[in-house]
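The numbering used here puts the first residue of the sequence shown at 2, with every later residue one more than the last.
We put the CB at the ideal spot given by N, CA and C, even for glycine.
A quick write-up on the structure given underneath.
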Amino acid sequence: MPRSASPGSPSASTASVVGFLVFIELCSGILQGSVPVVLPLIGSDLHVSAGDLNWVNSVFLLVAGISVPVLSRLGDIYGHRRLIRITMVAVAVGSVIVATADSFAVLLIGRALQGVFACWLPLDFAIVRDRVQKERVGAAIGMLVGALTLGATLGAIGVGLLSRSVHDVHGLLMLPAVAILLCLPVAFRLIPESATRALCRVDWAGAALLSAGLAAVLIGLATANKAGLALTAGALALGLVLIALFVRVELRAPQPLVDVRLMARPSMALPYVLSFLTGCVLYGSQTANPSFFAAPRPLGFGLDTLGISLLTVSGAVAMAAAGTCADRVVRRFGPQHTLVGGFTLVALGYAGMVLAHSAPWQMAVLGMVAGAGVGTAIATLPTLLIRHLPADQTGIGTGMYNTLKTLAGSVAGAAFAAVMNRLLVEVRGAHIASETAYVTVWASCGALALIGVATARRVGRAQSRAERAVVPEAAVATAE
Numbered sequence: 002m003p004r005s006a007s008p009g010s011p012s013a014s015t016a017s018v019v020g021f022l023v024f025i026e027l028c029s030g031i032l033q034g035s036v037p038v039v040l041p042l043i044g045s046d047l048h049v050s051a052g053d054l055n056w057v058n059s060v061f062l063l064v065a066g067i068s069v070p071v072l073s074r075l076g077d078i079y080g081h082r083r084l085i086r087i088t089m090v091a092v093a094v095g096s097v098i099v100a101t102a103d104s105f106a107v108l109l110i111g112r113a114l115q116g117v118f119a120c121w122l123p124l125d126f127a128i129v130r131d132r133v134q135k136e137r138v139g140a141a142i143g144m145l146v147g148a149l150t151l152g153a154t155l156g157a158i159g160v161g162l163l164s165r166s167v168h169d170v171h172g173l174l175m176l177p178a179v180a181i182l183l184c185l186p187v188a189f190r191l192i193p194e195s196a197t198r199a200l201c202r203v204d205w206a207g208a209a210l211l212s213a214g215l216a217a218v219l220i221g222l223a224t225a226n227k228a229g230l231a232l233t234a235g236a237l238a239l240g241l242v243l244i245a246l247f248v249r250v251e252l253r254a255p256q257p258l259v260d261v262r263l264m265a266r267p268s269m270a271l272p273y274v275l276s277f278l279t280g281c282v283l284y285g286s287q288t289a290n291p292s293f294f295a296a297p298r299p300l301g302f303g304l305d306t307l308g309i310s311l312l313t314v315s316g317a318v319a320m321a322a323a324g325t326c327a328d329r330v331v332r333r334f335g336p337q338h339t340l341v342g343g344f345t346l347v348a349l350g351y352a353g354m355v356l357a358h359s360a361p362w363q364m365a366v367l368g369m370v371a372g373a374g375v376g377t378a379i380a381t382l383p384t385l386l387i388r389h390l391p392a393d394q395t396g397i398g399t400g401m402y403n404t405l406k407t408l409a410g411s412v413a414g415a416a417f418a419a420v421m422n423r424l425l426v427e428v429r430g431a432h433i434a435s436e437t438a439y440v441t442v443w444a445s446c447g448a449l450a451l452i453g454v455a456t457a458r459r460v461g462r463a464q465s466r467a468e469r470a471v472v473p474e475a476a477v478a479t480a481e
């Protein structure tokens, strides 16, 4: 009979295990935080419109959404550290390509390679669950999420400060490349391998259907602005058909890529819904806000790269602090109240942006409010999922959480790109997104956060029912 690995390593090694993983998430945060800040410079250097700049994030999220489920499941089967190593090499190559690209197409190729970095967080979660004592898993996850958001802050500030002496966009984009290159020795020499393995083969049929379905949906959304209604509707319809076929295949498969029945339970499904909403509000305004900050007055603030980075710092710091403290909040108030409070903060932050956006300090304060809410949500949701996932499905279970988050970012990004490309105003002879376009983006994010509040109110009841039920553990084995 296959048996499970011991759930934790000796406590003396916990700090080093978490510490090395925190460093990886810190560097991946630098990658995430530095690129959006220089989007206006990329646009001017490569002659790309504000609407088309959404492709820089869309391609990144597209690859992330497609690759994470498969890579996470491969980690469950072959080793989570092994997959971190393989994907880190790909991200390092992509980061160098982005930093040296002399055309928009080449830059997008590099961004596509960078997109596989999204599997690191679920792979890290699996290592933490396997190597850290059970009572410390929630705190460790909070530290990983906090490091990711802190890294985004450092990336934004670092690029901003670097822009004072380096005026070439290629030089600025070397910062994330260096950060990822520094991760390579950590991944290859210092982090431990997980001991738990899923005793199954890769469900390649399911992987192909899921990847193709996600690709069709994401490409349809990303090209909606230019492809026309018929092509967009066709791509979306094809994607939904493939995903429906994937669900049917997984329900019949003896060793599915995704345990659909497990993940459809309310205790799992509600956190997945919340992860989708979190992705919408997190990534939805990631292109809009820097564009607004850079827009000339009186529409925006006319800020340069450093000014944009400093203005985004408040929200990122609040997100990191909230993520780090989320486990303590959950212990005191419970997951339901914590999530309700988090999404309420997000709604308040975006509602404030709709009403008050005429001064940089207003956007900084409101960014802190929304950032604290997002940080609370993204640190609480993985812990909730891990409570109800079999040990050998930690990678794929939390990977689907990340996939839904990035899919939501693509959905929101495509929708908001269409808004920004249609609601234009002429300023100094150039057509740029109007104030109405930005207000529409913020109002939409606030409305989605309110849906999150309503959904989070149901989480407590679903979790209580799940805790009274017995979830059978899948077969797992100890790696040699």
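Helix, strand or coil at residue i [DSSP, three-state]
| i | result |
| --- | --- |
| Ile67 | helix |
| Ala199 | strand |
| Ala322 | helix |
| Ile192 | coil |
| Leu424 | coil |
| Ala438 | helix |
| His171 | helix |
| His432 | strand |
| Val477 | In this prediction, Val477 has a pLDDT of 42, which is less than 50 and means its spatial position is unreliable; what the coordinates show is noted afterwards. Correct three-state label for Val477: strand. |
| Gly303 | coil |
| Val259 | coil |
| Gly76 | helix |
| Ser10 | Bear in mind that a pLDDT of 41 at Ser10, under 50, signals an unreliable position, so the number given afterwards is only what the model happens to contain. Looking at Ser10 - three-state DSSP - the assignment turns out to be coil, as it is neither helix nor strand. |
| Asp328 | helix |
| Val18 | helix |
| Arg130 | helix |
| Ala448 | helix |
| Asp125 | helix |
| Arg459 | coil |
| Arg298 | coil |
| Thr407 | helix |
| Thr224 | coil |
First and last residue of the uninterrupted alpha helix (DSSP H) at residue i
| i | result |
| --- | --- |
| Leu390 | Per DSSP, Leu390 belongs to no alpha helix (DSSP H) and is neither H nor E. |
| Glu136 | First-last for Glu136: undefined, no H or E at that position. |
| Gly240 | 230-253 |
| Gly44 | 40-47 |
| Pro336 | 336-356 |
| Ser292 | 289-295 |
| Leu54 | Per DSSP, Leu54 belongs to no alpha helix (DSSP H) and is neither H nor E. |
| Ser166 | Neither: Ser166 is in no alpha helix (DSSP H) and is coded neither H nor E. |
| Ser268 | 267-284 |
| Ser359 | No alpha helix (DSSP H) holds Ser359; DSSP gives it neither H nor E. |
Close beta carbons around residue i, own chain, < 6 Å, minus the five adjacent residues each side
| i | result |
| --- | --- |
| Ala380 | Gly143, Val146, Gly324, Ala327 |
| Ile244 | Gly214 |
| Asp131 | Ser195, Ala196, Thr197 |
| Gly398 | Leu386, Leu390 |
| Val440 | Val355 |
| Pro37 | Gln287, Pro291 |
| Ala141 | Val19, Val129, Val133 |
| Ser212 | Ile67 |
| Leu384 | A quick correction: the sequence has Thr, not Leu, at residue 384. Excluding residues within five positions, the ones whose Cβ falls inside 6 Å are Gly139, Ile142. |
Beta-carbon proximity list for residue i, same chain, < 7 Å, skipping 5 on both sides
| i | result |
| --- | --- |
| Phe61 | Arg112, Gln115, Gly116 |
| Gly316 | Gly368, Met369, Ala371, Gly372 |
| Leu222 | Ser411, Val412, Ala415 |
| Leu271 | Thr456, Arg459, Val460, Ala463 |
| Gly229 | none |
| Thr404 | Gly66, Val69, Pro70 |
| Ala378 | Leu275, Thr279, Leu340, Gly343, Phe344 |
| Ser17 | none |
| Val39 | Val160, Val170, Leu173, Leu174, Thr306 |
Same chain only: Cβ atoms within 8 Å of residue i, ignoring 5 sequence neighbours per side
| i | result |
| --- | --- |
| Val472 | A caution first: Val472 carries a pLDDT of 46, below 50, which makes its placement in the model too unreliable to give a value. |
| Thr410 | Reading the sequence as shown, one finds Gly at residue 410 and not Thr. These residues qualify, in order along the chain: Asn58, Leu62, Gly280, Cys281, Leu283, Tyr284, Gly285, Gln287. |
| Leu312 | Phe294, Phe302, Leu304, Pro361, Met364, Ala365, Gly368 |
| Leu408 | Leu62, Gly66, Leu215, Val218, Leu219, Phe277, Gly280 |
| Phe126 | Ile142, Leu145, Pro383, Ile387, Thr395, Gly396, Thr399 |
| Val442 | Gly285, Ser286, Ala289, Phe417, Val420, Met421 |
- Query: Counting pairs of Cβ atoms below 8 Å between the stretch 41-60 and the stretch 81-96, do you hit three or more?
  - Reply: Segments in contact, no.
- Query: Is the stretch 345-362 touching the stretch 183-192, taking contact as three or more C-beta pairs under 8 Å?
  - Reply: Segments in contact, no.
- Query: In chain order, which alpha helix (DSSP H) runs of at least 4 residues are fully inside the stretch 81-122?
  - Reply: If you keep only unbroken alpha helix (DSSP H) runs of at least 4 residues inside the stretch 81-122, you get 81-101, 105-115.
- Task: Assess, as a yes-or-no matter, whether the stretch 19-28 is touched by the stretch 67-83 under the definition of 3 or more beta carbon pairs within less than 8 Å.
- Result: Too few Cβ pairs lie closer than 8 Å, so no.
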